[in-house]
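One structure is given below, encoded as structure tokens.
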Amino acid sequence: MSLSFEYNVAVSIMSVRSGPSRSSTSRLGGPTDERSLLLEKNPALESQTNYGTSKGTSSSRLEAREILIVRVICAGAIFLANLGFGIMPFMLPVEIRAKGYSLSWIGGLFLIQGVFRFIFELLQPRLISAIGTKRVFVVSMAGLGAAYFAFGFLQFTCSGTAFGIIGCFIRAAEAIFYAGLMNSGNTMICLATPDKAVSLLGMTDGLVQVGFALGPLIAGALYSVSGFTLAFVVPGLLLIFTAISAQFGLPKECNALGIPCFENVKRLLADLHFIAGVILILTISTAIGFLEAPMEIYFSKFNLGVMLEGVILFSGWMAGALTSPFTGWMLSKCKIEWVLLTAGPFLVAAFAFVFGILPDIVGPNLPLSLAFFFLLIMITSAAFVGGVGILLRQAESCGLASDIMTYTFISAVWLSLLYLGEGLGGLISTTILDCYNYEAVSIACIAIQLTLGTCALVVLFFASRGLPRRKDFIPKCHSDNETESGSSGNGGRAQQQQQQRSAPSVAPPRRPPQPKGESRSKQSRTRWVTQQSQMAIRGPVAMPKFGNKDTEEIGMFLRRYEMAGHAQK
Numbered sequence: 015m016s017l018s019f020e021y022n023v024a025v026s027i028m029s030v031r032s033g034p035s036r037s038s039t040s041r042l043g044g045p046t047d048e049r050s051l052l053l054e055k056n057p058a059l060e061s062q063t064n065y066g067t068s069k070g071t072s073s074s075r076l077e078a079r080e081i082l083i084v085r086v087i088c089a090g091a092i093f094l095a096n097l098g099f100g101i102m103p104f105m106l107p108v109e110i111r112a113k114g115y116s117l118s119w120i121g122g123l124f125l126i127q128g129v130f131r132f133i134f135e136l137l138q139p140r141l142i143s144a145i146g147t148k149r150v151f152v153v154s155m156a157g158l159g160a161a162y163f164a165f166g167f168l169q170f171t172c173s174g175t176a177f178g179i180i181g182c183f184i185r186a187a188e189a190i191f192y193a194g195l196m197n198s199g200n201t202m203i204c205l206a207t208p209d210k211a212v213s214l215l216g217m218t219d220g221l222v223q224v225g226f227a228l229g230p231l232i233a234g235a236l237y238s239v240s241g242f243t244l245a246f247v248v249p250g251l252l253l254i255f256t257a258i259s260a261q262f263g264l265p266k267e268c269n270a271l272g273i274p275c276f277e278n279v280k281r282l283l284a285d286l287h288f289i290a291g292v293i294l295i296l297t298i299s300t301a302i303g304f305l306e307a308p309m310e311i312y313f314s315k316f317n318l319g320v321m322l323e324g325v326i327l328f329s330g331w332m333a334g335a336l337t338s339p340f341t342g343w344m345l346s347k348c349k350i351e352w353v354l355l356t357a358g359p360f361l362v363a364a365f366a367f368v369f370g371i372l373p374d375i376v377g378p379n380l381p382l383s384l385a386f387f388f389l390l391i392m393i394t395s396a397a398f399v400g401g402v403g404i405l406l407r408q409a410e411s412c413g414l415a416s417d418i419m420t421y422t423f424i425s426a427v428w429l430s431l432l433y434l435g436e437g438l439g440g441l442i443s444t445t446i447l448d449c450y451n452y453e454a455v456s457i458a459c460i461a462i463q464l465t466l467g468t469c470a471l472v473v474l475f476f477a478s479r480g481l482p483r484r485k486d487f488i489p490k491c492h493s494d495n496e497t498e499s500g501s502s503g504n505g506g507r508a509q510q511q512q513q514q515r516s517a518p519s520v521a522p523p524r525r526p527p528q529p530k531g532e533s534r535s536k537q538s539r540t541r542w543v544t545q546q547s548q549m550a551i552r553g554p555v556a557m558p559k560f561g562n563k564d565t566e567e568i569g570m571f572l573r574r575y576e577m578a579g580h581a582q583k
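Residue 15 is where the sequence shown starts when you use the numbering used here, and the numbers rise one by one after that.
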């Protein structure tokens, strides 16, 4: 075989640079031919090539009406879930103080819920892959409604021990169902329009804030009418009704969904930027716990009454609800996630000083307290939306495609950190408040924010001094099992990489066998004469561009070929 034939083969191989193969249509966790219809019908998740789809895969798209149904049902469920959740920090201290129970039960009930939500939120990728997104969503909604309904009847307990123990069991069940509802709801909203994932998560966080805002207001009105029970029975019944509507209104699903590649998850968990983002989100979450649990007790010193206190909490959480969508829109235009998240703990510490310590020095000041209460909520809301953008970006850089598995995993990490920090903040604040005063609570909040914020900055410093990540990094476990679903959401760049990775790998060309009986020097002279003749016929060789890892040896071979021709000239 002549060297010119080798050259022709090499150039032909180099021209094959795109076009997925049929063997690349499988995915981790099983074939993708039967997944949720939300995933199958998504326009952004369809392949850009014209080869046939796998068996059973739908090529149609979600209609505008179906997308609207998904958004309305998921948004309504998330709103109602957080409506009941916003009632809890307002009504729980009122009932406990009315019955003369220990205030430490407030922190204990918040901690129980935070720990269970943290654990079960991390299990959501496994549960959704085993049960299915729609089933998790519907069952979690119905179970959460039943938990809210049952919690309202704690009004009829006769001792603090009975109230606390039964309440812990109900709060644990509430945490399990709340984690499932939030994760599956966020996932389905993102799948409806995956190219707007960060903006939609910002809107979801806004719904959470609206629920928190309306919760105290509605609870104050219901409490003035019939007491503690009705404030929890109403959102519980509404959630059960919404679960029935979701069962018959949402698109059906065919099979379970996969989970992210374990190698990529390990790479993501070892990424220093991801670790810094986790620390900062946990720091902001503790501030949320400090704001939720003792806030009604803080404003009770102004003797405003339950109704006016509910209006204040409504206004504060409404300010956060308006901040979250605006922050999501701003992050889609400007990449300032790290600025928001790193500045968050230090701004929270500064505002907590003015909110909790300064009034004790200059005297109670309601307008000043209200202003900095609103600023605290707005800062935490903006920092949380920035945290979601950071986690999604780091997941993409570590090889997780922008699809349902990534949304589920990132949502699990983000929400579990929120729940854990929220529970710890509530326990610490109420325990200190039971022994000291709110000024001591503010000092503890400032110390936690400054300590954890400084730790996150140290991690970021070491991350910035490390080796930069290669932009063309291709994870090992995604080299041969990517699907067209990687082109969704923020994965426009990931789609091009997946199309390049889906090209069939080709072994480098072999050299011609050495004829027997010829010496090495004679073989070299023969090869050199052949190169001369080929260069005389063809002229200079136009070198193609190399970028694929599988073709580097071919490129080196062609470069040596050209250099030999120029040397002869």
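Even for Gly, the Cβ is constructed at its ideal location relative to N, Cα and C.
Every value quoted in this text rests on a predicted model; they were computed, and no experiment measured them.
Delimiting residues of the alpha helix (DSSP H) encompassing residue i
i	result
ASN197	174–206
GLU80	78–113
TYR312	309–314
PRO378	That residue, PRO378, is in no alpha helix (DSSP H); it is neither H nor E in DSSP.
CYS412	Careful: CYS412 lies outside any alpha helix (DSSP H) and carries neither H nor E.
SER346	320–347
ALA461	452–479
GLN127	118–136
ALA164	147–165
PHE170	Taken as a continuous stretch (DSSP letters only), PHE170 belongs to no alpha helix (DSSP H), as it is neither H nor E.
ILE371	Where ILE371 is concerned, there is no enclosing alpha helix (DSSP H), given that its DSSP letter is neither H nor E.
LEU361	351–366
LEU264	Here LEU264 belongs to no alpha helix (DSSP H), and DSSP marks it neither H nor E.
Residue from the options with nearest C-alpha to residue i
i	options	result
VAL84	ILE101, PHE151, ILE142, GLY114	PHE151
GLU436	SER338, ALA461, GLY370, ILE295	ILE295
ILE283	PRO308, VAL239, GLY413, GLN138	Strictly speaking, residue 283 in this sequence is Leu, with Ile absent from that position. Of the listed residues, the one whose Cα sits closest to LEU283 is GLY413.
PHE167	THR243, LEU158, ILE232	THR243
LEU214	PRO359, ALA409, GLY403	GLY403
GLN169	ALA245, SER456, ALA335, ALA364	ALA245
LEU361	GLY250, ALA301, VAL472	ALA301
GLY122	GLY100, SER411, PRO308, THR444	THR444
ILE371	THR465, ALA461, PHE340	ALA461
GLN261	THR171, VAL153, LYS347, ILE203	VAL153
CYS459	SER118, PRO308, LEU136	PRO308
TYR450	SER346, VAL399, LEU117	LEU117
VAL399	PHE369, PRO378, GLY220, LEU438	GLY220
ILE190	SER240, CYS204, ALA156, THR171	ALA156
ILE311	LEU447, ILE457, LEU158, ILE81	LEU447
LEU431	LEU251, SER299, GLY194, ARG140	SER299
PRO373	VAL279, LEU82, ARG79, ALA454	ALA454
ILE184	CYS204, PHE124, CYS172	PHE124
ILE457	PHE475, GLU410, PHE304	PHE304
GLU80	LYS280, ALA477, ILE203, ALA363	ILE203
VAL279	GLU77, LYS349, SER411	SER411
ARG149	ALA426, THR394, THR201	THR201
Beta-carbon gap between residue i and residue j smaller than 7 Å
i	j	result
GLY263	ILE87	yes
SER429	GLY291	Inspection of the sequence shows that residue 429 is occupied by Leu rather than by Ser. No.
THR218	GLY90	no
ALA206	PHE104	no
ALA227	MET321	no
GLY330	PHE387	yes
ILE92	GLY174	no
GLY229	SER338	no
MET392	GLY334	yes
ALA186	PHE132	no
LEU466	THR356	no
ALA161	GLU188	yes
VAL247	PHE163	yes
TRP119	GLY178	yes
LEU382	LEU252	no
LEU286	VAL473	yes
PRO265	LEU97	no
PHE328	LEU231	yes
Inter-residue CB distance, residue i and residue j (contact presumed, cutoff 8 Å)
i	j	result
ASN197	GLN138	4 Å
GLN463	PHE288	Incorrect: roughly 21 Å between the Cβ atoms, too far for contact.
LEU354	ALA385	Not confirmed; about 20 Å, so no contact.
PHE165	GLY146	About 28 Å; that fails the 8 Å criterion.
LEU158	TYR192	6 Å
ALA470	ILE326	Their Cβ separation, rounded to whole angstroms, is 31 Å, which puts ALA470 and ILE326 out of contact at 8 Å.
LEU390	PHE423	With 8 Å as the limit, LEU390 and PHE423 do not qualify as a contact, their Cβ atoms being about 30 Å apart.
PRO378	PHE316	7 Å
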